[in-house]
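Let me begin by presenting the structure, written as structure tokens, before commenting on it.
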Amino acid sequence: MRTCVGCRGRALAGELLRVVVVDGELVLDLRRRIGGRGAWLHPDPGCLTRAERRRAFPRALRVPGPLDVAGVRGQLEQRTHTTGSGASRAAKEERKQVDPS
Ligand SMILES: [Zn+2]
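Listed below in structure tokens is the structure:
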């Protein structure tokens, strides 16, 4: 079980998205292959907004200073628009992969 940094709700890792910092920028680690610290987030723009307001990302990822969530928001919105009914299938595929954290 993982805790969403937005709503603090607990969920299976397969139901949450992994967010990491690459070169000082937040990105979604959709394939879960990027090493280092990860933060977990529901695939929900509302959770992203809550995490941003609470400054949850710098804390969860142990980086100094504010992080821009614009990139992650873009990735999230794209994902929401393009997946649709295939979302559960994608989640199953992600769940099969080894959790690096
Ligand atoms: Zn959440």
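The sequence shown begins at 4 in the working numbering and counts up one residue at a time. For each residue, glycine too, the CB sits at the ideal point set by N, CA and C.
- Its Cα nearest to that of G27, the residue P67 stands out among P67, R5 and A14.
- Considering only L51, R65 and R56, the residue with the shortest C-alpha distance to G39 is R65.
- The continuous stretches of beta strand (DSSP E) do not include E18, and DSSP gives it neither H nor E.
- By the beta-carbon neighbour count (other beta carbons within 10 angstroms, threshold 16), H84 is exposed.
- Beta-bridge analysis with DSSP links R36 to no other residue.
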